[in-house]
Amino acid sequence: MIDHLGFSVSDYERAKAFYSKALAPLGYVLIMEVTAEQTGHAAAAGFGADGKPDFWIGGEGAMNKPVHIAIRAEDRATVDAFYKAAIAAGGRDNGPPGIRPHYHANYYGAFVLDPDGHNIEAVCHTPG
1 MIDHLGFSVS
11 DYERAKAFYS
21 KALAPLGYVL
31 IMEVTAEQTG
41 HAAAAGFGAD
51 GKPDFWIGGE
61 GAMNKPVHIA
71 IRAEDRATVD
81 AFYKAAIAAG
91 GRDNGPPGIR
101 PHYHANYYGA
111 FVLDPDGHNI
121 EAVCHTPG
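Position one of the sequence shown corresponds to residue 1 (UniProt numbering), numbered consecutively onward.
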């Protein structure tokens, strides 16, 4: 099991604002921040649900290559809401909400590129 994940972003404040809006429909909120003094290198923001930060961004600077992260959604309407919120927050379309039968019959996902080009996905695996 993965406890948490994190990656660096080129503009910490911009990314924090993006994720605060884009992840809200998935029930993720900013749970905690740590300062550069506390980490020893750069500020970091932890987002999550139910009080546990499991999705972290850090202000270390842009990465060489984008990452792909998929966050589970409870239903298809939540995937749709994520996509709308992420686009409204400045994300770029990388695959609108829809069935992806090449993964499996009930794979309903939406893909958005964040301000650094990271591929962020919301996915629901349950039937319509």
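A virtual CB, placed ideally from N, CA and C, is assigned to each residue, including glycine.
Following the DSSP letters along the chain, one finds Tyr108 inside the beta strand (DSSP E) bounded by residues 108-113. Counting along the chain, Val79 sits inside the alpha helix (DSSP H) bounded by residues 76-88. The bridge partners DSSP lists for Met32 are Gly46. With contacts defined as CB atoms closer than 9 Å, Gly48 and Val29 qualify as a contacting pair. Three or more beta-carbon pairs drawn from the region 7-22 and the region 43-63 are found closer than 8 Å, and the two stretches are therefore classed as touching.
Residues of the same chain with a CB within less than 6 Å of the CB of Glu33, apart from the 5 flanking positions on each side, are Ala45 in chain order. Assigned with DSSP and collapsed to three states, Arg100 falls in coil, not helix or strand. A residue is called buried when at least 16 other Cβ atoms come within 10 angstroms of its Cβ; Asp116 meets this threshold and is buried. The C-alpha of Val9 lies about 21 Å from the C-alpha of Leu26. When the alpha-carbon of Tyr108 is set against those of Asn119, Glu74, Ile87, the nearest one is in Glu74. The region 56-66 makes no contact with the region 81-99; the number of CB pairs closer than 8 Å stays below 3.
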